[in-house]
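Let me begin by presenting the structure, written as structure tokens, before commenting on it.
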Amino acid sequence: MDWPQSTCYLNGEWLPLAEAKISVLDRGFIFGDGIYEVVPVYYRRPFRLDHHLARFERSTREIGLANPFDRAGWSAMVDGLIDRCGDQNQFIYWQVTRGVAKRDFAFPAGTPPTVFAMSSPFTRPSREQREQGLRAVTRADERWLRCDIKSVSLLGAVLARQFATEHHADEVVQFRDGSLTEGSSSNMWVVRNGTVIAPPRDRLILEGIRYGFVAELCDRTGTPFEVCRLRQEEVKGCDELMLTSATREILPIVTLDGKPVGSGRPGPVYGKLRAAYDAAIEALRD
14 MDWPQSTCYL NGEWLPLAEA KISVLDRGFI FGDGIYEVVP VYYRRPFRLD HHLARFERST
74 REIGLANPFD RAGWSAMVDG LIDRCGDQNQ FIYWQVTRGV AKRDFAFPAG TPPTVFAMSS
134 PFTRPSREQR EQGLRAVTRA DERWLRCDIK SVSLLGAVLA RQFATEHHAD EVVQFRDGSL
194 TEGSSSNMWV VRNGTVIAPP RDRLILEGIR YGFVAELCDR TGTPFEVCRL RQEEVKGCDE
254 LMLTSATREI LPIVTLDGKP VGSGRPGPVY GKLRAAYDAA IEALRD
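Here it is in structure tokens:
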């Protein structure tokens with residue numbers, strides 16, 4: 014395997030990614046017992062890092078996992094990764110697991126967590142994706158009931174994305190008991206009569222950092238914003254459909270289950286939000 018020629022952080026050490034090793038008894042490997050974050054970096058500046066740290070802190074509290082650093086410590090690690098990666102745009106990935114212990118479902122006592130972090134080059138969405146949009150397919154949401162926790166246990170997301178791949182689509186749009194939740198690794202946004210509508214922030218979705226940011230962009234652009242449950246038929250009959258994530262930013266979905274969404278082209282509300290999103294990123298140049 015060709016490993017990226019990059020430096021990572023592992024349990025207090027900076028080392029080449031190809032040399033990073035963990036025990037097969039690490040609970041992240043055995044149980045998926047850990048929490049992760051992905052932070053985009055634009056012009057060598059982390060984007061909304063405080064929001065990512067707040068979500069990480071909440072997720073670790075929810076599963077009773079000791080957070081190994083305070084915010085200053087995490088910020089220093091992120092800066093160290095940015096300095097060691099030569100790209101202007103990057104994304105920082107880190108994860109903390111409950112550490113190495115005898116295989117037992119109960120939490121081990123006194124086990125130090127495993128801390129791993131790396132940076133990768135970040136290629137922003139292409140002009141084709143922005144201007145032509147994405148294809149999506151619907152799927153029943155079969156994941157567990159704590160989707161609000163950003164766990165490294167991502168089998169549900171893997172199966173959802175594979176479903177999209179097998180149906181020649183870019184993403185899934187998932188529904189639980191007939192109501193919209195999210196994609197495999199993205200939040201969903203419906204536009205109806207000029208209003209952006211989001212599913213409620215509850216345990217059934219992972220609140221992406223762009224969730225609050227899109228609400229801010231709606232305010233900046235004078236776009237009405239609403240939070241409510243949406244039935245599958247309402248989503249299929251909407252004017253526009255969009256997704257957001259750390260690495261996909263904000264993109265339009267123009268077909269759903271092979272049928273056009275609205276006009277079948279990126280819509281005017283997406284255009285406004287995309288322009289406002291790009292303006293906020295360009296402001297990081299200063």
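Quick note: to get our numbering, add 13 to the position in the sequence shown (first position is 1).
For each residue, glycine too, the CB sits at the ideal point set by N, CA and C.
How big is the Cα-Cα spacing for residue i and residue j?
i, j, result
"I162", "D215", "10 Å"
"F104", "V54", "5 Å"
"I294", "F60", "8 Å"
"E220", "R84", "20 Å"
"G99", "S19", "9 Å"
"R287", "Q145", "13 Å"
"M14", "V209", "Unreliable positioning characterises M14 in this predicted model, as indicated by a pLDDT of 47, which lies under 50. The coordinate reading is nonetheless provided below. Going from the Cα of M14 to the Cα of V209 covers about 44 Å."
"R21", "F69", "Arg is not the amino acid found at residue 21; the sequence shown has Cys there. Between C21 and F69, the C-alpha separation is close to 19 Å."
"T127", "V113", "8 Å"
"R340", "V274", "Examination of residue 340 is not possible in this model, given that the chain is present from 14 through 299 alone."
"S192", "G25", "44 Å"
"V52", "S72", "15 Å"
"L2", "G86", "Residue 2 lies beyond the residue range present for the chain, which begins at 14 and ends at 299; the question has no answer from this structure."
"P213", "Y224", "10 Å"
"A170", "G196", "8 Å"
"G77", "T124", "13 Å"
"D183", "G41", "28 Å"
"I95", "E247", "43 Å"
"L230", "L28", "39 Å"
"T268", "G277", "6 Å"
"T151", "H180", "10 Å"
"Y290", "P121", "44 Å"
"A211", "K115", "43 Å"
"G284", "N80", "39 Å"
"D299", "Q175", "40 Å"
"H65", "I222", "7 Å"
Apply the 10 Å Cβ neighbour rule to residue i and answer buried if 16 or more other Cβ atoms are within range, or exposed otherwise.
i, result
"F118", "exposed"
"Y56", "exposed"
"T110", "buried"
"T178", "exposed"
"D154", "buried"
"R156", "buried"
"A67", "exposed"
"G47", "buried"
"E50", "buried"
"A173", "buried"
Starting from residue i, follow its DSSP beta bridges and name the residues at the other end.
i, result
"F188", "A153 and L193"
"A22", "Reading off the sequence, residue 22 comes out as Tyr, not Ala. W27 and A130, per the DSSP bridge assignment."
"F238", "V209"
"G105", "Looking at the sequence itself, residue 105 is Ile, so the reference to Gly does not match. BP columns for I105 point to V52 and S132."
"E179", "E179 pairs with nothing; no bridge assigned."
"P273", "T268"
"D39", "V113"
"E253", "V204"
"G47", "T110"
"P59", "V54"
Which residue from the options puts its Cα closest to that of residue i?
i, options, result
"L243", "V186, V171 and L66", "V186"
"L241", "R205, D232 and I76", "The amino acid occupying residue 241 in the given sequence is Cys; Leu does not appear at that position. Nearest option by C-alpha distance: R205."
"E253", "L62, E32, A296 and P281", "P281"
"C251", "L230, F176, P279 and A173", "P279"
"A31", "V37, L23 and L38", "L23"
"Q108", "S36, G45, K272 and Y283", "G45"
"T260", "S198, H180 and P121", "S198"
"D39", "R174, K272, V165 and E229", "V165"
"L264", "M255, V274 and W87", "M255"
"D92", "A130, A122 and I266", "A130"
"I218", "C160, A122 and A296", "C160"
"P138", "S258, W202 and I43", "S258"
"D190", "W202, G271 and Q245", "Q245"
"F238", "M90, I266, G271 and V203", "V203"
Looking at chain B, is there any beta carbon in it that lies within less than 8 Å of the beta carbon of residue i?
i, result
"V91", "In summary, chain B is missing from the structure at hand, where a single protein chain is found."
- Item | Three CB pairs or more closer than 8 Å across the stretch 130 to 140 and the stretch 97 to 117 | yes
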